[in-house]
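A.B. asks: Note that the working numbering has the sequence shown beginning at 104, numbered continuously upward. C-beta: ideal position from N, C-alpha, C; glycine also. This is the structure I want to talk about, given as structure tokens.
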Amino acid sequence: MSLPSGPAEVTDDDFETEVIGAELPVLVQFTADWCGPCRQLAPVLRDIAREEGDRVKVVQIDVDRNPGTTLAYRVLSTPTLMVFRDGEPVRSMVGARPKRRLLEELADLL
């Protein structure tokens, strides 16, 4: 199995399958093309997807193109990072952060 090159893109249509139905915990980045901090976070999430891919699935969803999921989880800011485990959101974090801090914040969930 090849390692992901970065976060997979999910949509309103496949969110339930890819995130809610996932066996692993899922780190979801709610993002937008116009969001500067989202771009800063991209290499951090790419590294985590590569290094922790056996323990966590990393995906991103565009808030502008997927309003249903964005509204359903009351996402008001980008980037919002949400961790889902067993189909339920178990943690939500707003804003970009360095890789080490993000891994510390995720440690108890992985």
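What are the residues that DSSP puts in a beta bridge with Glu121?
C.D. replies: DSSP output for Glu121 lists no bridge partner at all.
A.B. asks: Please determine, among Leu205, Asp211, Glu191, the residue with the shortest C-alpha to C-alpha distance to Asp150.
C.D. replies: It is Leu205 whose Cα lies nearest to the Cα of Asp150.
A.B. asks: List, from N- to C-terminal side, the beta strand (DSSP E) runs of 3 residues or more that fit wholly inside the segment 167 to 197.
C.D. replies: With a minimum length of 3 residues, the continuous beta strand (DSSP E) runs that stay inside the segment 167 to 197 are 183 to 188, 191 to 197.
A.B. asks: Would you report the Cα separation of Glu121 and Val186, rounded to the nearest angstrom?
C.D. replies: In a straight line, the C-alpha of Glu121 is about 13 angstroms away from that of Val186.
A.B. asks: Consult DSSP for Leu213 and reduce its assignment to one of helix, strand or coil.
C.D. replies: In this structure, Leu213 counts as coil in the three-state DSSP scheme.
A.B. asks: Going by CA-CA distance only, name the one from Met196, Glu208, Arg188, Glu207 that's closest to Leu127.
C.D. replies: Per the Cα distances, Arg188.
A.B. asks: Under 6 angstroms Cβ to Cβ from Asp167, same chain only, skipping five residues before and after it: list those, please.
C.D. replies: These residues qualify, in order along the chain: Ala135.
A.B. asks: I'd like to confirm the pairing. Which residues does DSSP put opposite Ile164 in its beta bridges?
C.D. replies: DSSP lists Val113, Phe133 as partners of Ile164.
A.B. asks: If we ignore side chains and look at the alpha-carbon of each, how far apart do Gln132 and Thr183 end up?
C.D. replies: Cα-Cα distance, rounded: 6 angstroms.
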